[in-house]
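For the sequence shown, the UniProt record's numbering assigns the number 1 to the initial residue and increments by one for each residue that follows.
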Amino acid sequence: MVLSKIFSQSDVSMHSTFASRYVRESLPRYKMPEKSIPKEAAFQIINDELMLDGKPRLNLASFVTTWMEPECDKLIMDSINKNYVDMDEYPVTTELQNRCVNMIAHLFNAPLGESEVAVGVGTVGSSEAIMLAGLAFKRKWQNKRKAEGKPYDKPNIVTGANVQVCWEKFARYFEVELKEVKLTENYYVMDPAKAVEMVDENTICVAAILGSTLNGEFEDVKLLNDLLLEKNKITGWDTSIHVDAASGGFIAPFLWPELEWDFRLPLVKSINVSGHKYGLVYAGVGWVIWRSKEDLPEELIFHINYLGTDQPTFTLNFSKGSSQIIAQYYQLIRLGYEGYRNVMDNCHENAMVLKEGLEKTGRFKIVSKDKGVPLVAFSLKDKNRGYDEFEIAETLRRFGWIVPAYAMPADAKHITVLRVVIREDFSRTLAERLVLDITKVMHELDALPAKPSSKKSVNNEENGKISGSREEKNGTVVKKTAMETQREITAYWKNFVMAKKSDKNKIC
Ligand SMILES: *Cc1c(COP(=O)(O)O)cnc(C)c1O
1 MVLSKIFSQS DVSMHSTFAS RYVRESLPRY KMPEKSIPKE AAFQIINDEL
51 MLDGKPRLNL ASFVTTWMEP ECDKLIMDSI NKNYVDMDEY PVTTELQNRC
101 VNMIAHLFNA PLGESEVAVG VGTVGSSEAI MLAGLAFKRK WQNKRKAEGK
151 PYDKPNIVTG ANVQVCWEKF ARYFEVELKE VKLTENYYVM DPAKAVEMVD
201 ENTICVAAIL GSTLNGEFED VKLLNDLLLE KNKITGWDTS IHVDAASGGF
251 IAPFLWPELE WDFRLPLVKS INVSGHKYGL VYAGVGWVIW RSKEDLPEEL
301 IFHINYLGTD QPTFTLNFSK GSSQIIAQYY QLIRLGYEGY RNVMDNCHEN
351 AMVLKEGLEK TGRFKIVSKD KGVPLVAFSL KDKNRGYDEF EIAETLRRFG
401 WIVPAYAMPA DAKHITVLRV VIREDFSRTL AERLVLDITK VMHELDALPA
451 KPSSKKSVNN EENGKISGSR EEKNGTVVKK TAMETQREIT AYWKNFVMAK
501 KSDKNKIC
């Protein structure tokens with residue numbers, strides 16, 4: 001999206017040493033060039049500039065797949081020119097998507113009869129999947145309210161405050177009030193009891209998360225189901241559940257098959273999962289599965305007569321690539337249940353290696369859970385050493401690691417964490433290396449002259465002012481140098497900006 005700002009007025013053209021062999025004049029940055037350039041030059045200019053991007057495989061911030069087998073890369077390249085929507089022309093691709101939908105529905109224990117086919121659709125990611133699932137709930141609720149002659153203009157949805165930003169998007173774009181259960185210190189997921197308490201007659205559904213983005217923790221969907229069943233019995237409502245299993249949907253069935261979070265629970269009506277996270281496909285694929293036909297209102301399905309045949313569709317976009325669907329099918333048949341279990345087992349083990357390594361340093365408190373998405377979220381135990389998690393993240397960048405630091409949402413905002421996501425391509429060696437590098441970074445930061453503690457800065461920020469030039473430390477008054485005061489002001493602004501950013505929780 002082009003909402004970016006132009007930072008430099010003077011730097012209006014781009015230069016490239018190699019490409020200057022082909023083009024003598026530099027290219028305009030924001031205007032289409034008048035003339036064509038040789039293809040070699042175009043390639044080189046872009047290739048060179050992209051070198052400054054981080055290395056995807058060292059990007060420990062993201063759940064999204066960064067490695068696939070070369071055989072699958074080939075299938076992807078071979079289908080890169082196929083428009084998915086041309087179902088009539090590419091019937092095999094459509095068939096592969098339907099097979100994926102059914103395989104995933106079975107994996108999630110959809111109550112399907114012998115010859116029954118699953119209800120679901122491939123999407124660009126969990127965000128699109130969530131918009132569709134949310135719309136189905138909203139429409140179903142509206143239809144019911146209309147039939148009862150009751151007002152249907154104030155729908156709401158209940159979630160934890162730890163929801164991913166796409167739920168806020170859904171709420172805003174589709175005009176549904178988002179009712180968030182607040183988090184507390186040491187409990188960073190939705191409390192099912194509090195969620196059920198917030199449910200009212202206008203609630204279209206409760207959305208639970210299997211694998212909170214913040215710390216990977218699974219929410220207790222079974223307890224939510226049981227409490228909600230009780231409430232429904234008393235009130236006569238039929239509030240149901242959507243499970244956002246963007247990351248956990250391809251983990252729980254393999255590592256903890258006995259955990260009941262899916263269609264085994266009667267109130268779970270739809271589930272989304274990101275094919276491009278632990279579904280092990282590159283960015284661009286997600287899935288939404290409905291429990292049964294009755295849970296997807298017929299009027300949301302478009303029957304288009306496109307180039308000859310009737311095609312039922314329920315998506316937000318029209319044209320899109322086919323490669324990701326084909327790649328998902330490749331992974332499902334190539335790995336099978338056994339293969340996925342091995343990959344998830346490995347990820348989990350590497351997460352444990354990293355967790356134990358970090359615990360051994362004695363400097364971190366682990367805020368992720370062993371049973372959850374394979375990631376390690378951790379915060380500093382001692383906040384009074386004059387640096388915070390953001391500085392650790394920044395310093396780690398120098399070693400090539402991309403590790404995000406972020407603040408928890410409202411009511412746990414003072415907690416900052418670092419988060420390392422373990423993907424298939426993150427080996428044990430890398431986990432051990434990362435622990436070594438984090439230790440080095442800590443030594444480096446320890447050796448820096450003392451700075452005002454970040455905790456103080458946060459407090460100051462809450463008070464709305466920057467503290468003066470004196471500070472109590474261990475009972476003695478320490479006079480600050482101009483440098484220290486300068487640092488404090490910088491820290492204040494950093495915290496201020498981070499607090500603004502953390503409101504959105506834009507980590508993915
Ligand atoms: C990643 C994620 C999303 C968004 O999914 P995309 O596939 O990136 O669109 C939604 N919810 C949760 C819990 C996630 O982890």
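Heads up, the beta-carbon is just placed ideally off N, CA and C, and yes, glycines get one too.
Computed from a prediction, not measured in an experiment: that's the story for all the values here.
#### Entry: Sheet register partners of residue 407 (DSSP bridge)
Beta-bridge pairing links residue 407 to 416.
### Task
Express the C-alpha separation of residue 172 and residue 260 in angstroms, rounding to a whole number.
So the alpha carbons of these two residues sit roughly 31 Å apart.
### Query
Does the stretch 87-96 come close enough to the stretch 229-240 to have 3 or more Cβ pairs within less than 8 Å?
Too few Cβ pairs lie closer than 8 Å, so no.
### Task
Report the rounded CA-to-CA distance for residue 455 versus residue 28, giving the unit in angstroms.
Because the pLDDT at residue 455 is just 45, under 50, the model does not fix this residue reliably, and the value given afterwards should be weighed accordingly. Cα to Cα, residue 455 sits roughly 46 Å from residue 28.
### Query
Measuring CB to CB, does residue 361 end up less than 8 Å from residue 439?
Yes, Cβ-Cβ distance for residue 361 and residue 439 is below 8 Å.
### Task
Would you kindly work out how many angstroms separate the C-alpha atoms of residue 272 and residue 393, rounded to a whole number?
For the pair residue 272 and residue 393, the Cα-to-Cα distance works out to about 31 Å.
### Query
Three or more C-beta pairs closer than 8 Å, one from the stretch 175-185 and one from the stretch 216-223: is that the case here?
No, the stretch 175-185 is not in contact with the stretch 216-223.
### residue 47 versus residue 137 - alpha carbon distance
Looking at the two C-alpha atoms, the distance is approximately 45 Å.
### Query
Can you find a heavy atom of ligand 1 that lies under 7 Å from the Cβ of residue 142?
No, ligand 1 has no heavy atom inside 7 Å of this Cβ.
#### Entry: Whole-angstrom distance between residue 108 and residue 150, CA atom to CA atom
Taken atom to atom, the span from the alpha-carbon of residue 150 to that of residue 108 is near 35 Å.
### Message
Using a 10 Å radius around the Cβ and a threshold of 16 neighbouring Cβ atoms, would you call residue 130 buried or exposed?
### Response
Taking all protein chains shown into account, residue 130 has 16 or more neighbouring C-beta atoms within 10 Å of its C-beta and is therefore buried.
### Message
Between residue 200 and ligand 1, is there a pair consisting of the residue's CB and a ligand heavy atom that are separated by less than 7 Å?
### Response
Residue 200: no, Cβ never under 7 Å from ligand 1.
### Message
Is the beta carbon of residue 227 closer than 8 Å to that of residue 176?
### Response
For the 8 Å CB-CB criterion, residue 176 and residue 227 do not form a contact.
#### Entry: Reference residue 416; option with closest CA among 294, 359, 383
It is 383.
### Cβ contact check for the stretch 158-172 and the stretch 409-425: 3 or more pairs under 8 Å
The stretch 158-172 vs the stretch 409-425: in contact.
### Query
What are the start and end residues of the alpha helix (DSSP H) that includes residue 328?
323-360 is the extent of the alpha helix (DSSP H) around residue 328.
### Task
Can you check DSSP and say which residues form a bridge with residue 187?
The partner list for residue 187 (beta bridge, DSSP) reads 184.
### residue 238 to residue 146 span [Cα, whole Å]
Cα to Cα, residue 238 sits roughly 15 Å from residue 146.
### Task
Return yes when the C-beta of residue 246 is under 7 Å from any heavy atom of ligand 1, and no when it is not.
Checking every heavy atom of ligand 1 against the Cβ of residue 246, one is found closer than 7 Å.
### Task
Counting only the same chain and skipping the five closest in sequence on each side, list residues whose C-beta sits under 7 Å from that of residue 504.
In this prediction, residue 504 scores a pLDDT of 48, lower than 50, which makes its location untrustworthy; no coordinate-derived value is stated.
### Task
Return yes when the C-beta of residue 97 is under 7 Å from any heavy atom of ligand 1, and no when it is not.
Short note on residue 97: C-beta not closer than 7 Å to any heavy atom of ligand 1.
### Task
Ignoring anything shorter than 3 residues or poking outside the stretch 144-169, list the beta strand (DSSP E) runs there in chain order.
156-160, all fully within the stretch 144-169.
### Message
Using 8 Å as the threshold, is the C-beta distance between residue 304 and residue 311 below it?
### Response
Yes; because the gap between Cβ atoms is below 8 Å, this pair is in contact.
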